[in-house]
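First to last, the sequence lines map onto chains Z and W.
Quick note, the first sequence lines up with residues 1 to 113 if you use this note's numbering.
Quick note, the second sequence lines up with residues 114 to 225 if you use this note's numbering.
Just so you know, even glycine gets a beta-carbon here, dropped at the ideal spot from N, CA and C.
Inspection log for the structure reproduced underneath, given as structure tokens.
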Amino acid sequence: GDSVTQMEGPVTLSEEAFLTINCTYTATGYPSLFWYVQYPGEGLQLLLKATKADDKGSNKGFEATYRKETTSFHLEKGSVQVSDSAVYFCALRRREAGTALIFGKGTTLSVSS
Amino acid sequence: DVKVTQSSRYLVKRTGEKVFLECVQDMDHENMFWYRQDPGLGLRLIYFSYDVKMKEKGDIPEGYSVSREKKERFSLILESASTNQTSMYLCASSGDSVYEQYFGPGTRLTVT
């Protein structure tokens, strides 16, 4: 079945460091891909998305490119801030109607000043 | 902005009690979802609904049921709560024309 694999955490960085969180997927066809973020004590928020191959999603300085050839959707940010500390989830959704998101297990990011 | 609300942020119940978790969305979305979130396991889908009175089992439906009598409301029911159902429960909704889901703030349920 469809699945999403994320790099294990936690990831600990200093402020202004470069961030990469790896995400690869297995799916039938060409799903839509998402990154969600969960700040402490809150629900999940959509961070960015890409709906077809070579699309680049971006938001708040974060970017991810839909790579069909490597079935990947890695999250990057050039300079992290303390406020970026959160749990990040990669997810996919198949195109058929009435299907749910499939999530990775999440990667905890901790940024120190 | 889409708003998904859940009836409680924190809930403590006793083993064997019947528990209702309520979720309401205000964007006329067709699809609604219930997940549970546990450390190291990520989010796991319990049930979802793509229309009023329709429901589909997710990955872990055992011990749960759902009800969707109105389009905006989706309830998760624990028929007889057990300690292994202590978890964070997240509700989400999405429309048919967009793929992203919008999440509520979550309910942290403790069963003692």
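Residues of its chain near residue 39/Z, where Cβ-Cβ distance is below 6 Å and the 5 sequence neighbours each way are ignored: As a first step, residue 39/Z is located in the first sequence; it is residue number 39 there, counting from the start. Counting only Cβ-Cβ distances below 6 Å, and skipping sequence neighbours, we find 86.
With DSSP as the reference, identify every bridge partner of residue 91/Z, one or two as the case may be. Reading the first sequence from its first residue, position 91 is the one you call residue 91/Z. Note: residue 91/Z sits in a beta bridge opposite 34/Z and 103/Z.
Are the beta-carbon atoms belonging to residue 138/W and residue 219/W less than 9 Å from one another? As a working note, residue 138/W is residue 25 in the second sequence. As a working note, residue 219/W is residue 106 in the second sequence. No. Outside cutoff.
Since I believe residue 57/Z is in contact with residue 50/Z (beta carbons under 8 Å), could you give me their beta-carbon distance rounded to a whole number of angstroms? Numbered from its first residue, the first sequence carries residue 50/Z at position 50. Numbered from its first residue, the first sequence carries residue 57/Z at position 57. That pair is a contact at about 4 Å.
Within 9 Å (strictly less), CB to CB, does residue 177/W reach chain Z? Against the second sequence, residue 177/W aligns to sequence position 64. So, not an interface residue.
Counted within 10 angstroms of its Cβ, other Cβ atoms place residue 81/Z as buried (16 or more) or exposed: Position 81 of the first sequence, counted from the first residue, corresponds to residue 81/Z. Exposed, because fewer than 16 other Cβ atoms sit within 10 Å of the Cβ of residue 81/Z.
Express the C-alpha separation of residue 156/W and residue 204/W in angstroms, rounding to a whole number. In the second sequence, residue 204/W corresponds to position 91, counting from 1. In the second sequence, residue 156/W corresponds to position 43, counting from 1. Near 11 Å, if we compare the C-alpha coordinates of residue 156/W and residue 204/W.
Please compile the residues from chain Z whose C-beta is within a distance smaller than 9 Å of the C-beta of residue 218/W. As a position in the second sequence, residue 218/W is number 105, starting the count at 1. The answer, in chain order, is 41, 42 and 43.
Answer with buried or exposed for residue 125/W, where buried requires no fewer than 16 other C-beta atoms within 10 angstroms of its C-beta. On the second sequence, residue 125/W is found 12 positions in, with the first residue counted as 1. Under this definition residue 125/W is an exposed residue.
Who are the neighbours of residue 138/W on chain Z, taking C-beta pairs under 7 Å? Counting from one through the second sequence, the residue named residue 138/W turns up at place 25. Residues of chain Z passing the Cβ test: none, with the nearest at roughly 12 Å.
Can you tell me where the beta strand (DSSP E) with residue 205/W in it begins and where it stops? Numbered from its first residue, the second sequence carries residue 205/W at position 92. Where residue 205/W is concerned, the enclosing beta strand (DSSP E) stretches over 200-207.
Uninterrupted alpha helix (DSSP H) stretches inside the region 127-172 of chain W (no shorter than 4 residues): none
Given this structure, state the Cα-to-Cα distance separating residue 27/Z from residue 1/Z, to the nearest angstrom. In the first sequence, the residue the question calls residue 27/Z occupies position 27. In the first sequence, the residue the question calls residue 1/Z occupies position 1. Distance between the alpha carbons of residue 27/Z and residue 1/Z is about 7 Å.
Quick one: grab the DSSP three-state call for residue 59/Z. Reading the first sequence from its first residue, position 59 is the one you call residue 59/Z. In this structure, residue 59/Z counts as strand in the three-state DSSP scheme.
Excluding the 5 residues preceding and the 5 following residue 168/W in the sequence, name in chain order all residues of the same chain whose CB lies nearer than 7 Å to its CB. Indexing the second sequence from 1 puts residue 168/W at position 55. Around residue 168/W: 160, 162, 179 and 181.
Go through its chain and collect everything with a Cβ distance to residue 134/W's Cβ below 6 Å, but skip five positions before and after it. If you number the second sequence from 1, residue 134/W lands on position 21. Contacts found: 189, 202 and 220.
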